[in-house]
Every structure is written in structure tokens, then in C-alpha cells.
Amino acid sequence: MALLLDRVRDFSPGLNISPGLLNPWILNHSQRDCELEPGCGEHTLAAGSSFPGPAVRFVLPAIYALICASGVLANGMVISVILGCKQKVVSDIYILNLAVADLLFLLGMPFVIHQLLQEQGWVFGDFLCWAATTIDLNNQFSSVGIVTLLCVDRYVAVVYSSTIGQKRTLRCTTLINAGVWAGSLILATPAMLYARVHWDNKTEICLLDLPGPHSIYWYTLYQSLLAFLLPLLVITVLYSLTLQHLFRTMRRVHRKPSARSRKVTRMALTIMAAFFVCWTPYHVLQLVNLNATPSAAFFYLYQATICLSYAHSCVSPILVIFCTEFFRERMAQSRYCRLFTKWRAIRESHSLSIPEMTATMYSPEASLAASPCIIYPPFATEMPLCSVTETTRISVVVNGHEEPSGY
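Residue numbers (the numbering used here): 1 to 407.
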């Protein structure tokens, strides 16, 4: 997380204010005025104060390492499963790009961990400071943008399945995702322009050096609006309209919500809740910090919100995996899972006769039942084309047309 240095006040921030690269710690004028006055605020994280204790230096790196390892594993599995499916559906393109964005976002965490262990020292040079900060900010916008567009796609596919929904193609979806990446790179322009290494108190710090006294305010509002408030509004509205359409259709055909529709409802609420829980605290504290002098308690709370925001890239694929009905079927088609299933069958062969072992190794039903593997969610109204069973879909009838009720 880069520091913001206000050129106008010529204030050199302490080394202890902000670990990580996720987003800049906002140093406002009231904080700087206080830090420049002797004896102002004994709990203030002033320049030159000692680095916070073991809770920050050792516990936080351990938590970050766990989040990073889990997220890289989960998103890596998602990418391998989707790429291993020869015939893909529209939702797969969104999920693949989301997994890539989350993976790149998490790959910035080793820099966070290193800075914490090295008491904020940056030893990777100017180029990596610029690159890491730019990629980090770019992937914040791309990840949130893809989630938002996925909600738009599900809304169109469910509510307008017989009209616009029929025109959704893999090529069009690929171009849309390419546009998201390009737009995210444009939105990351502040990092490209102002990320640099600053020398302070014999230590190099990677920071965002924004010009002008009001830049920090506009930057915080800019980031919170485009990376949180607008996406949250779109996600909430579209998922609400999608669920409303599903339940209205069920009432029209006099059908009670099935177990599948209840799972769809829980899935939608889970996605919205995960986004809200993981990102709201961070953006709230960013806004609060504009007009407050951070205390030591505020500092630790802020670190917790950073953990949550990083955890979203880890929790998102895990939640979707375990809330998706296509989990076993899609993963069972993966060559990695088939190898694992055969290995497991061979390992247990000592308790099986040869015919039984052969059936276990090569029977699709046995492989499907025994496989512990799961898949990333297509969220799809359409069925995946690579051999997913017909029992994994439910349908409702709308104006004489069969419409899948998944999203």
C-alpha cells in the first residue's frame, strides 16, 4: 500500500503508517499539522514513531501469506478447469477473466509481506514500485468491473432470455472483457503517473506522490466511487431484479420455489454479502481518514480492512465453488481430476478385486461420485457444453419458452 506524499506541505511521512500496495494511506492536512507540532496526540502515528509491534510485523504477514496461498490455489484451479473444458459458454469467459484478475491482485501480496517484515523498506527499485502499484490498482478495477458485468450478463440471460439473451456470444463476451481490462488500465492512470520510490530517513518507500493540497481527497473519492459505490449499486439492483423475475415467473405458473431456486437465491445473496463485507470497511475507513487523525487503534483496524479486501479475491472463488451445482460435474471432466480419481482408485485397490478396481477407475458414475474435485461457477443459465448432465438444470416456462432458472 503506497503512501501519499503532499508536495505542497513538504512533509515527510513516517515509515510506519502504511504497509502494503493495496491502496494509498491518505495523509490529510489535520494529521500533518498535528505531526509537525511537538506533543500533539500521544497515540498519533507520527513521523519517526517506532514501527508497530509483533502483531503487525509477524501476525499480519502470516495472515497475508495464508490469504495469498489460498487465493492463488483457488483461482489457479478455476483457471485450469475452465481452460481444460474444450467447449465453453459465455459465463466461462467472465469467470476466467475474474480468476485471472483476482490471481494478479493476490500476486502483489508478497510485496506487502516483505514490507511488513522489513519495516516498510522498499528494496525492489523504481520500476517494480511503479509496476506493482499500477498492476495492483488496475486489478482492483478489473476485478470489480468483471463482477459487475457478470451480474449484467446474468440479468440479460435470465430476464431477456428469448431476445437479447440469444445474441450473447463467446466472441462478443471476449471483446467486452478486453474492454474491461483496457478501461481498468485507464482508471489506473494515477498510479502510472505518480507511483515512485521516495527516500525518507535513510529508507526507501514506495508511494504515490500526488500533486496539490486537494489531490488526496479527490483520489479517495474517485477510487471509492468507481471501485465500490457504483459497482455495489449495480450488483444489488440487478440481482434483485433477477430474483424478482424468477419468483414472479414461478408464481405465474403456480409453482413453489424448488430447492434449486432457493440455492440460487442464497447464491445471489452470498455474492452480494461477500462483496459488501470485504470492501465496505476499507472504503469507509478511507473516507473517514480524510478528516480524522489516525490513532493506534485506527491503524490496526485499518490493517484488518486491508486483510478483508485482499481476502475477497480468495473468498470469492471458494464461495462460488461450494455454492455451485456444477462443481463435481465440471471438475470431473478436468484431466487433473481424472488423474486424481485414477490415482485414488489405485491407492485403494488393495481392498478391491481387479474387476471392482477397473469399474472404479473407469466408470463415469464411480468417478463422479468419488471425486472430491469441484468447479468454479459458471453462474450460467445455459448448460456447459462439455457433458454436464441434464439433471443439473431446472427450468421455468415463460410465454411458452423454457427458461433456465440459474444465473
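In this text, a Cβ means the ideal position worked out from N, Cα and C, and glycines have one as well.
- Query: Beta-carbon separation of A191 and F141 under 8 Å?
  - Reply: Against a cut-off of 8 Å, the Cβ pair of F141 and A191 comes out as no contact.
- Message: Using DSSP's beta-bridge definition, name the partner residues of H114.
- Response: Secondary-structure assignment with DSSP links H114 through no beta bridge to anything.
- Item | Coarse secondary structure for L207, derived from DSSP in three states | Residue state, collapsed to three classes: strand.
- So, helix, strand or coil for R168, using DSSP? R168 falls in the coil class under three-state DSSP.
- Task: Tell me where the alpha helix (DSSP H) around V234 begins and ends.
- Result: Per DSSP, the unbroken alpha helix (DSSP H) holding V234 starts and ends at 230 to 252.
- Out of curiosity, what's the CA-to-CA distance linking I113 and V123? Using only the alpha carbons, I get a separation of about 13 Å.
- Item | C-beta contact flag for L96 and I79 at 8 Å | The Cβ atoms of L96 and I79 sit closer than 8 Å to each other.
- Residue from L210, S91, G71 whose Cα sits closest to the Cα of V152: It is S91.
- Minimum C-alpha distance to V147 - residue among L83, I176, C129, P213: When only C-alpha atoms are compared, the closest one is I176.
- Message: Here's a check: name, in chain order, each residue in its chain whose Cβ is nearer than 7 Å to the Cβ of L170, leaving out the five neighbours to either side.
- Response: The answer, listed in chain order, is K88, V90, I93.
- Exposure of R168, with buried meaning 16 or more beta-carbon neighbours within 10 Å: Burial call: buried.
- Message: Using 8 Å as the threshold, is the C-beta distance between N75 and P317 below it?
- Response: Yes.
- How is H198 classed by DSSP in three states: helix, strand or coil? Look at H198 here: in three-state DSSP terms it is strand.
- Task: Assign V277 to one of two classes, buried (16 or more other C-beta atoms within 10 Å of its C-beta) or exposed (fewer than that).
- Result: Exposed, since its Cβ has fewer than 16 Cβ neighbours within 10 Å.
- Rounded separation between C85 and V288 - CA only: Put simply, the backbone Cα of C85 is about 46 Å away from that of V288.
- Item | Three-state class that DSSP yields for C151 in the structure shown | Here C151 sits in helix by DSSP.
- Item | Assumed close pair G108, I135 - CB separation to whole angstroms, cut-off 8 Å | The Cβ separation is near 7 Å, so the contact holds.
- Item | Cβ neighbour criterion (16 or more within 10 Å) applied to L73 | Per the 10 Å Cβ criterion, exposed.
- Item | For Q223, the nearest candidate out of I205, K202, G145, L238 (CA to CA) | Looking at the Cα atoms, G145 is the closest of the given residues.
- With distances taken Cα to Cα, identify the nearest neighbour of M272 among S184, L232, H214. The shortest CA-to-CA distance from M272 to any of S184, L232, H214 is the one to L232.
- Have a look at E204, V158, Q286, L185 and flag the residue whose alpha-carbon is nearest the alpha-carbon of I216. Selected option, being the one with the closest Cα: Q286.
- Who are the Cβ neighbours of S313 in its own chain at under 6 Å, not counting the five residues just before and after it? Result list for S313: G71, D102, F105, L106, in chain order.
- Thinking just about the alpha-carbon of each residue, which of P61, Y300, V59, G121 is nearest to the one in K202? Selected option, being the one with the closest Cα: G121.
- Reduced DSSP category for L221 - H, G, I as helix; E, B as strand; rest coil: Looking at L221 - three-state DSSP - the assignment turns out to be helix.
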